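Engineer:
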Amino acid sequence: MRRPYAKVKRRPLQWSLLSFLIVLVVLLVWLLTSTPAEIPPSPIVTPTNSTLTTASRPLLTVAFLDVGQGDATLIRSPGGHTMLIDGGNSREDAEEAILPTLKSWGASSLNLLVITHPDQDHIGGLPHVLESFPVDRVALTGQVHTTQTYEKVLTLIRDKKIPAIKARRGMMLELDPLLTLAVLGPDDAAVEQNDTNNASIVIRLTYDRISMLFTGDAERVEEEAILKSGADVRAQVLKVAHHGSPFSSSQRWLQAVAPEVAIISVGTDNAFGHPSYEVLTRLTQSNVTIYRTDRHGTITVRSDGRTYQIFTQR
0 MRRPYAKVKR RPLQWSLLSF LIVLVVLLVW LLTSTPAEIP PSPIVTPTNS
50 TLTTASRPLL TVAFLDVGQG DATLIRSPGG HTMLIDGGNS REDAEEAILP
100 TLKSWGASSL NLLVITHPDQ DHIGGLPHVL ESFPVDRVAL TGQVHTTQTY
150 EKVLTLIRDK KIPAIKARRG MMLELDPLLT LAVLGPDDAA VEQNDTNNAS
200 IVIRLTYDRI SMLFTGDAER VEEEAILKSG ADVRAQVLKV AHHGSPFSSS
250 QRWLQAVAPE VAIISVGTDN AFGHPSYEVL TRLTQSNVTI YRTDRHGTIT
300 VRSDGRTYQI FTQR
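Residue numbers (numbering that gives the first Met the number 0): 0 to 313.
1) For residue 65, which residues from the same chain have a beta carbon less than 7 Å from its beta carbon, with the 5 sequence-adjacent residues on both sides left out?
2) Please look up how many angstroms separate the CB atoms of residue 85 and residue 71, rounded, as I've assumed it's under 8 Å.
3) For residue 302, list the residues DSSP reports as bridge partners.
4) Helix, strand or coil: which one does DSSP assign to residue 227?
5) Expressed to the nearest angstrom, what Euclidean distance is found between the alpha-carbon atoms of residue 317 and residue 217?
6) For my contact list, residue 119 and residue 145 are in at a C-beta cut-off of 8 Å; report their separation, rounded to the angstrom.
7) Which ranges would you report for the alpha helix (DSSP H) in the stretch 99-155 if only whole runs of at least 4 residues count?
8) In the DSSP assignment, what are the bridge partners of residue 165?
9) Using CA coordinates, which residue listed in 194, 126, 212 is at the minimum distance from residue 154?
10) Assuming residue 234 and residue 215 form a contact by the criterion Cβ under 8 Å, report the distance between their Cβ atoms to the nearest whole angstrom.
11) So, for residue 226: in the same chain, excluding its five sequence neighbours on each side, which residues have a beta-carbon less than 8 Å away from its beta-carbon?
12) Under a Cβ-count criterion, where at least 16 other Cβ atoms within 10 Å of its own Cβ denotes burial, should residue 286 be classed as buried or exposed?
13) Only counting the same chain, and skipping five residues up and downstream in sequence, which positions put a Cβ closer than 7 Å to that of residue 198?
14) Extract the residue ranges of the beta strand (DSSP E) inside the stretch 188-252, only unbroken runs of 3 or more that lie entirely within it.
15) Rounded to whole angstroms, what's the CA-CA distance from residue 123 to residue 89? Just pull it up for me.
16) How would you call residue 307, buried or exposed, if buried means at least 16 neighbouring beta carbons within 10 angstroms?
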C-alpha cells in the first residue's frame, strides 16, 4: 500500500533534476565562452579512384576500434598528431582499446578529442581517457544532455582547463597541415532540437586524394540537411552512421558519398538488430565492401594520400 506521504517525496526529486540541468548548462557555458576563433575554410581535394596499396609517403592511420555496441575511432595524422572521435561505451573500452592503441603509437598526448554527441555508447570511456591521458583540445556540440557520464566529461574538461569549441557546419578543425577536417554538421538549428543523433558532429577528413567520412549517429534528417547544404560528402571510406541503424544511410546519402568501403562499429548479437538488413542491402547493391567490428575486430585503414590499405584484427 502506498503511504499517504509518498507524493510529498517527489518534490525534492524535481528540484534535484532542475539543479542537475542548471549544473550542465553552467558547465557548457563555462567551457564554450572562451571559444577560439574558427579556422577559415580551405579547399578540400576532390577524391579520385584509388587502389588498395601504399607508396613511400607519410601515412595516415585510422583505427576503428572494436568497442562492442559503441563507437571509438583513433586517428594518427601523417605528421604524428592524434585525434579521437568518441570514446566507446565504458571504462573498459578506454582501458582495453583506446589507451593501449595511443600508447602503442607512442603518443604523449591526444591532440584533439571530438565528441560527436553525448549518448552513452559514444562517451562512456571518455572520463577515464580524460583522467588518464593529456588532451589538448575538445570539439563538441554544446547540446545539453542530462546524464551523469556527460556531466563528468564536462567537469573534467573544465577542471583540466582544456580548450573546448562548438563544432558547426562550415568549420575546419585543425590537426595537421597535410589534412583537412571539414565539419559538415550539425548546424545551430539541429543542436537546439532534443535529438542527439541528428545533431551529431559529421566530419569529412581528406588527405590528398583520399577522403573518409565520420558520421556519429546521424540519421536521415541530418543526412538530408548536409546534402541540402551543398557540402562535398564524397569519400572512399564511410564510417556508417548509428551502427547500421535502418534510420541512417539512405540510398540518396550513399549515392552522394559513393563509398568504396563501409566500416560498421557494432556489437555481436546486440539487442538493436544492428546492422540492419536494409542498410546492408543498400551497401551491397551499391557495390560497397563492408567491414564490421563484430566480425573483423579493430579495423585499421592506412593511407599515403594516394592509395589506402585495410587491416583487420581477425
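Glycine is no exception: its CB is placed at the ideal position from the N, C-alpha and C atoms. Fair warning: this is a prediction, and the values are worked out from it, not measured in the lab.
Structural biologist: So, to answer that:
1) Same-chain partners within the cutoff: 96, 292, 296, 297, 312.
2) About 5 Å; that satisfies the 8 Å criterion.
3) According to DSSP, residue 302 bridges with 59, 307.
4) In this structure, residue 227 counts as helix in the three-state DSSP scheme.
5) The question about residue 317 has no answer here: the residues shown for the chain are numbered 0 through 313.
6) In fact, because the Cβ distance is near 12 Å, the residues do not count as touching under 8 Å.
7) List check, alpha helix (DSSP H) in window: 119-122, 125-131.
8) Checking the DSSP bridge columns, you'll see residue 165 partnered with 139.
9) Comparing Cα-Cα distances from residue 154 to each of 194, 126, 212, the minimum goes to 126.
10) Contact flag wrong, Cβ pair sits at about 15 Å.
11) Shown here for residue 226: same chain residues with a beta carbon closer than 8 Å to its own, the five before and five after excluded, namely 232, 251, 252, 255 in chain order.
12) Classified as exposed, residue 286 has fewer than 16 neighbouring CB atoms from the shown chains inside 10 Å of its CB.
13) Within the same chain, 116, 140, 142, 185, 189, 190, 192 come within 7 Å of residue 198 by CB-CB distance, once the 5 residues on both sides are set aside.
14) Listed in chain order, they are 201-206, 209-213, 236-238.
15) If I take the Cα positions, the gap works out to 4 Å.
16) Buried: at least 16 other Cβ atoms inside 10 Å.
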